[in-house]
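Here's the structure, in structure tokens; my notes come after.
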Amino acid sequence: MKQLSYILFIVSLTHYSLGQGSFAPGVGHVGTTAMHKDSSSFVAWVSNCSVKRGYQQINDSTLGKASVGDSMEATGKADGRTVSLGDGGEALIVLSQAIFNGPGVDFAVFENGFSASFLELAFVEVSSNGVEFFRFPSTSQTQVSSQLGSFGAIDPTEINNLAGKYQVNYGTPFDISDLPDTSLLNKYAISHIRIKDVVGNIMEPFSSKDQYGTVINDPWPTPFASSGFDLDAVGLIHVNGINSLSSFEKSPIVLFPNPVTNELRITTSENILAVEFIDVSGKVQRYEGTKIMDVSRLKPGLYIVRVSTKNKVYVQKLVKR
Ligand SMILES: [Ca+2]
Ligand SMILES: [Ca+2]
């Protein structure tokens, strides 16, 4: 719900003061975790999306469902064009190549908020089998004593692990490490991402709650065709088996020998800035800029090797014996 709300927002000039909450601040402030769409961390963008729309306004089905945008608007690089999910609506992305829990954040979700404080929020969930989904543990410290209103302001420092924390062109990052360890989720082969609109209504039975059971206050009511979370794009950072990703060139990196015992060589015409070895528990060991390295100290097992050059990141699997 952006066009109408923009005008009303300017008129109402709602303010938020920085630093009320415990979490990272908005774009342009020290300590923000917002990721610009041109960040070289993104190695791919999701290429498909299906949407289950919610009602424009969950307590009044006569208004119909949200209808702005097509699910294709959520594919490709973030461009400010979006699909509106409606109250409680969902977007499901089936990844063409699985993503994995690498060092730091692993993917980022883009919305089209037009300011640092007009935010529409969504839960983010992932799955490695398409059946069991696990929700990132979210926190909202926004007051719950009064409904925010259709154009209410949210302080991003009061929001964590909810998509929509940051404004247009800036993704909200997610780290798979934040999810619980369970045999039902393979953090090295995440195949699905699901994004579910936070219903802003703070009253039962409609309210959405964070990981602590606290109600999440979000702009509402929303009697608009563009109601709810507006999904722009999902940028991927740690992608397994890069070769079949259309947006990625075939890797010119070769690791040998593979399996390796003592000395590993990396052949590439590019300058290597860093090499990281990520084991199945997510532990990272880092080597700086070298093409021949002694890996005899690595414990035997399967590793994901992340090779960073000036412009790209290449990912290959390696077996250590
Ligand atoms: Ca991670
Ligand atoms: Ca888009």
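Each residue of the sequence shown is one higher than the last, beginning at 294 in the working numbering. We put the beta carbon where it would ideally sit given N, CA and C, even for glycine.
Practice task
Can you say whether Y596 is buried or exposed, counting buried as having 16 or more other CB atoms within 10 angstroms of its CB?
Solution key: buried
Exercise for the section: Can you check the stretch 440-495 for any beta strand (DSSP E) of at least 3 residues that lies completely inside it and give the ranges in chain order? Expected result: 463-467 and 483-490
Exercise for the section: Please find out if some non-hydrogen atom of ligand 2 comes closer than 7 Å to the beta-carbon of R374. Expected result: yes
Problem - Spatial distance of Q390 from I447 (CA atoms) - result: 35 Å
Exercise for the section: Answer yes if the stretch 362-381 comes into contact with the stretch 424-431, meaning at least three C-beta pairs across the two stretches below 8 Å, and no otherwise. Expected result: no
Exercise for the section: State the CB to CB distance for the pair V568 and V600, rounded to an integer number of angstroms; the pair is presumed to be in contact (CB under 8 Å). Expected result: 5 Å
Practice task
With hydrogens ignored, establish whether the beta-carbon of E418 is closer than 7 Å to any heavy atom of ligand 2.
Solution key: no
Practice task
Using only alpha-carbon positions, find the residue among P514, T561, Q434 and N551 that is nearest to V606.
Solution key: T561
Exercise for the section: Please state whether DSSP places A317 in a helix, a strand or coil. Expected result: coil
Handout entry: beta strand (DSSP E) runs contained entirely in the stretch 396-434, provided each spans 3 or more residues
Key = 400-403 and 415-420
Handout entry: For A359, the residue or residues it bridges with in DSSP
Key = Per DSSP, none; premise fails for A359.
Handout entry: Cβ-based neighbour list, L301, same chain, cut-off 7 Å, excluding 5 preceding and 5 following
Key = For L301, the pLDDT reaches just 47, beneath the cut-off of 50, and the residue's location in the model is therefore unreliable, leaving the point undetermined.
Problem - Bridge partner(s) assigned by DSSP for G528 - result: W338 and A401
Practice task
Pick out whichever of T507, S354 and D331 has its Cα sitting closest to the Cα of G369.
Solution key: D331
Exercise for the section: Return the first residue and the last residue of the beta strand (DSSP E) that P562 is part of. Expected result: In the sequence under discussion, the amino acid at residue 562 is Ser, which differs from the Pro named in the question. From DSSP, S562 is part of no beta strand (DSSP E); its letter is neither H nor E.
Exercise for the section: Answer yes or no: the CB of V608 versus the heavy atoms of ligand 1, is any distance below 7 Å? Expected result: no
Practice task
Please report the residue range of the beta strand (DSSP E) in which A384 lies.
Solution key: E383 to I392
Handout entry: Straight-line Cα distance separating L477 from N604
Key = 35 Å
Practice task
Could you pull the start and end residues of the beta strand (DSSP E) that L659 belongs to?
Solution key: Nothing can be reported for residue 659: it is not among the residues displayed for the chain, which extend from 294 to 614.
Problem - Selection from S333, F393 and S340 that minimises the alpha carbon distance to V573 - result: F393
Problem - Selected residue, minimal CA-CA separation from A401, among V461, V608, P552 and K358 - result: V461
Practice task
Would you check if the stretch 503-521 and the stretch 462-476 touch, i.e. whether three or more CB-CB distances between them fall below 8 Å?
Solution key: no
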